[in-house]
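Undergrad: Here it is, the structure in full.
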């Protein structure tokens, strides 16, 4: 069976990006013991990631690069903010480099990277950590199967075999 909409895909991958010197830098991986399992074609994955997997079969290996624009977007210079230091009086002051959870006025949760601590503010970067970076993927397709009715109605995979609860 090949990868197409409404199939559950299980795969391995290694993700690299490049640094300022143009050298590949390892980011993360999913191996056979901890494979990535997802419902293909439902918008859970980056669209261009899925596009590169379309039509592949069990055992196929893949390797491709997504531009920053096709991944998590270019760095948005407007996505930096200074938060009042009083926001952190209960939880404690974060350190530069920490990733902190935030919530907007509509109740949406997101994460921000701490870039600086000042006398009255904490500067944060609201860009996705992979924004502005090309994403280099390589891996292997482990399994492909039709999604169950329950998975389709829930909009996500229930494990490689379809029986993982949540």
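Residue numbers (full-length UniProt numbering): 1 to 166.
Even for Gly, the Cβ is constructed at its ideal location relative to N, Cα and C.
Because the structure is a prediction, the values reported are computed rather than measured.
1) With a 10 Å radius around its C-beta and 16 neighbouring C-beta atoms as the bar for buried, classify residue 53 as buried or exposed.
2) Can you give me the Cβ contacts of residue 148 inside the same chain, cut-off strictly under 6 Å, excluding the 5 residues immediately before and after it?
3) Would you tell me roughly how many angstroms separate the C-alpha atoms of residue 94 and residue 105, rounded to the nearest one?
4) Taking the alpha-carbon positions, what's the residue 98 to residue 118 distance?
5) What are the residues that DSSP puts in a beta bridge with residue 113?
6) Residue 63 to residue 120, Cα distance in whole Å?
7) Decide yes or no for the touch test of the stretch 151-158 against the stretch 57-77: beta carbon pairs closer than 8 Å, at least 3 of them.
8) Within the same chain, show all residues whose beta-carbon is closer than 7 Å to that of residue 109, passing over the 5 residues directly before and after it, in chain order.
9) Across the stretch 6-16 and the stretch 35-47, are there enough close Cβ pairs to call them in contact, namely three or more that are closer than 8 Å?
TA: In terms of the structure at hand:
1) buried
2) 162
3) Straight-line Cα distance between these residues: approximately 21 Å.
4) About 15 Å.
5) According to DSSP, residue 113 bridges with 99, 125.
6) Those two C-alpha atoms are separated by around 47 Å.
7) Judged by Cβ distances under 8 Å, the stretch 151-158 makes no contact with the stretch 57-77, as fewer than three pairs qualify.
8) In its chain, beyond the 5 residues on either side, 101, 103 have a beta carbon closer than 7 Å to the beta carbon of residue 109.
9) yes
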